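Each step along the sequence shown adds one to the number in full-length UniProt numbering, with nothing skipped, and position 247 is 247.
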Amino acid sequence: MPQPAHLPPEAERPDVAGTRTLARAMQLLRLVAAQGDRGATVGMLRQHSGLSRATLYRLLLSLRRQGLLRQPYPRGAYFLGYELLSLGARAGNASGLRELARPALLQLAAHFGDSFFLLVPDGYFALCLEMQDGDRPVRCFSQAVGGRILMGVGQASIALLAGMPAAQRQTILAHNAPRLTREYQLEMSRVRRQVSRAGQRGHAYSAGGIGLDGYTGVAVPVRTTQWHVVGALSCAIEIDEMTRGHRRALVAALKHHAGEVGERTGQLLRLT
């Protein structure tokens with residue numbers, strides 16, 4: 001009986017080696033991103049990545065050549081490269097959603113003076129795709145465009161969860177439950193009640209906020225069809241300023257703009 005051919009060790013197989021290199025490069029990008037405007041030093045990257053000096057320098061050089069990292073000064077710290085901005089802009093507008101939502105967010109911020117956001121589902125997270133500040137800017141969980149928040153935290157993620165198929169929603173909440181409880185002190189029964197109410201009302205709102213002391217917000221799903229939620233428009237506001245009248249006006253305006261954005265996004269998707 002013929003014996004199977006001997007396979008080389010995984011470290012020697014080109015497909016495995018290539019995958020490992022890509023994973024290491026992504027690890028470095030995430031480490032640099034976590035340092036923000038401070039930048040990441042070689043020493044810090046070596047300590048947290050566990051890579052050898054030779055491997056680290058080789059990857060850093062490759063990432064710089066591709067424009068994914070930059071080093072403004074010789075021997076200085078590393079920062080994310082501008083090529084990532086270009087790639088991110090294209091990824092963020094793959095369906096036209098970001099460009100379609102931006103005018104709506106500008107109008108909302110100018111009219112109400114609050115901070116308004118567009119968030120989209122990204123696995124177990126909600127990703128901030130666009131934001132516009134009014135006269136009273138508020139930084140919420142996502143902090144900035146490109147920031148991620150755990151599904152179950154904040155009104156936008158509640159609106160997104162409410163618009164998902166039940167099986168997908170349960171999978172996400174089951175996966176996120178330990179972190180929601182440990183890091184945000186959120187009771188899962190409360191999160192599920194919020195999601196249920198959001199589905200019934202067509203918008204997410206909590207008088208006490210969810211996970212962010214002193215602030216609350218409103219979020220409305222963006223639908224291309226009745227059963228297809230592609231994002232959520234939301235606002236962040238101090239609890240003391242969220243009067244009943246202000247909330248009613250916010251909900252009405254958000255639903256109006258979310259309806260327009262969803263309809264136009266759906267039209268674009270049907271044309272592609």
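Ideal placement from N, C-alpha and C gives every residue a C-beta, glycine not left out. This one's a predicted model, so the numbers in the text were calculated from it and none came from an experiment.
If you draw a straight line from the Cα of residue 256 to the Cα of residue 105, it comes to about 12 angstroms.
Separation of the CB atoms of residue 265 and residue 224 is rounded to 5 angstroms, and the pair is thereby assigned contact status at 8 angstroms. With a threshold of 16 other beta carbon atoms within 10 Å, residue 199 meets it and is buried. For residue 87 and residue 230, the gap between their C-alpha atoms comes out near 20 angstroms. Residue 114 counts as buried, since no fewer than 16 other beta carbons sit within 10 angstroms of its beta carbon.
Three or more Cβ pairs drawn from the region 27 to 38 and the region 74 to 85 lie within less than 8 angstroms of each other, which places the two stretches in contact. Just measuring C-alpha positions, the residue of 126, 245 and 131 sitting nearest residue 107 is 131. For residue 222, the enclosing beta strand (DSSP E) begins and ends at 215 to 225. Secondary structure note for residue 199: its alpha helix (DSSP H) is the uninterrupted segment 188 to 201. Unbroken beta strand (DSSP E) runs of no fewer than 3 residues, entirely contained in the region 56 to 129, are found at 115 to 122, following chain order. Your pair residue 118 and residue 144 does not check out as a contact, with CB atoms roughly 13 angstroms apart and the cut at 8 angstroms. Take residue 151, set aside five residues on each side of it, and the residues of its chain with a beta-carbon closer than 8 angstroms to its own are 121, 124, 125, 126, 157, 160, 161, 172, 173 and 176, in chain order. Residue 148 has its alpha-carbon roughly 19 angstroms from the corresponding atom of residue 195.
For residue 149, the enclosing beta strand (DSSP E) starts and ends at 148 to 150. Rounded to whole angstroms, the gap between the alpha carbons of residue 39 and residue 59 is 17 angstroms. In the three-state scheme derived from DSSP, where H, G and I count as helix and E and B as strand, residue 231 is classed as strand. Shown here for residue 250: same chain residues with a beta carbon closer than 7 angstroms to its own, the five before and five after excluded, namely 112, 218 and 235 in chain order. In this structure, DSSP gives residue 236 an extended state, which the three-state scheme calls strand.
Secondary-structure assignment with DSSP links residue 204 through a beta bridge to 219.
Between residue 96 and residue 233, the CB-CB gap reaches or exceeds 8 angstroms. Listed as beta-bridge partners of residue 132 by DSSP are 116. Look at residue 40 here: in three-state DSSP terms it is strand. Of the candidates 214, 25 and 203, 203 places its Cα closest to the Cα of residue 248.
The straight-line gap separating the alpha-carbon atoms of residue 163 and residue 228 is approximately 7 angstroms. For residue 49, the CB contacts under 8 angstroms within the same chain, skipping 5 residues up- and downstream, are 24, 27, 28, 31 and 56 in chain order. For the set 129, 109 and 146, the Cα lying nearest the Cα of residue 135 is the one of 109. When C-alpha distances from residue 116 are compared across 253, 42 and 37, the shortest belongs to 253. For residue 171, the enclosing alpha helix (DSSP H) covers residues 166 to 184.
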